[in-house]
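To start, the structure itself, in structure tokens.
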């Protein structure tokens, strides 16, 4: 008997089983300890290797999902192999009567996990027969859980991109979103879209909390990136709340509900190891609203209100930067330079 192999095998099995259950079944738990670290490492590695190239990063989500499932299968395989290898002649060949070697243990565990065995090796006692049954049970059950997890994640990816399309369809920057709903007298036409978007964002936040891998599904196009859409939506709500004159404002209850949905979304950042940005993003421009004769608040009062939202806006910028995007607007020709870019431009002059 090899106690070390038995101990290591048990530790590996416990670790991977906990990680699978944590990731797939614990809705409030986010990613498990192993899959969460794998996700972060792969994403950061891809960003370094590709230089934040958008098309290259679009493979991050599928790659992480594939590697996560592969890691679970591999660890189950390794754990059971070590467990059988630690026994005192746990497996023998019916044809020769010879004990299984390492290759035999790997082979036996592989076909037992997925097919319930084919007789090439046999357990030598009741204990190892029971262990073989558990090998089959864990293989079939957890692989099924893994496949269900993949299907759920892919469905949520479609939903997050649909949300982004809905937001950016109204505007590729917050001021444009507000202007899209202005009728000349008010914003009555935006009531239903804002209510619907707030509901979608709240549901999306729940799915991001349950499946943090969603943060790493990068879209090639900015208009389909939720990391861009959420700041546009929330900054538009900031304009409605603090930038538009009181008599013309959107229904305050709708605005607060939408901002609450953003709060729920921002609460998911910790599970994805996303940190607030070091700098504060540029604030929305009231002059863009005045171009459409939308009545606005005083510039100084608006600036004071936005200054109180510094932490919230740093979190939003953290979402944008973590997904390798720039602060809205989406269009490259109309993009706002990052603070460090602006500093470099000033130095060059």
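Numbering (the numbering used here), first residue to last: 56 to 404. Here a beta-carbon is modelled for each residue, glycine too, at the ideal position from N, C-alpha and C.
- Residue 352 is positioned such that its CB atom lies closer than 8 Å to that of residue 299.
- The straight-line gap separating the alpha-carbon atoms of residue 319 and residue 63 is approximately 40 Å.
- In the three-state reduction of the DSSP assignment, residue 118 falls in the helix class, which pools H, G and I.
- Rounded to whole angstroms, the gap between the alpha carbons of residue 102 and residue 92 is 15 Å.
- Short of 6 Å from the beta carbon of residue 321, and not among the five residues preceding or following it, lie these beta carbons of its own chain, in chain order: 370.
- Straight-line measurement puts the Cα of residue 378 at about 16 Å from the Cα of residue 386.
- A direct Cα-Cα distance of roughly 21 Å separates residue 59 from residue 147.
- Residue 86 and residue 337 have their C-alpha atoms roughly 33 Å apart.
- Spatial neighbours of residue 329 in its own chain (CB-CB distance under 7 Å, excluding positions within 5 residues in sequence) are listed in chain order as 270, 373, 374 and 377.
- Between the alpha carbons of residue 240 and residue 303 lies a gap of roughly 7 Å.
- Along the length of the stretch 115–181, whole beta strand (DSSP E) runs at least 3 residues long do not occur.
- A residue is called buried once 16 or more other Cβ atoms fall within 10 Å of its Cβ, and residue 67 is buried on that count.
- Residue pairing of residue 351 in beta bridges, as defined by DSSP: 299.
- With fewer than 16 other Cβ atoms inside 10 Å of its own Cβ, residue 99 counts as exposed.
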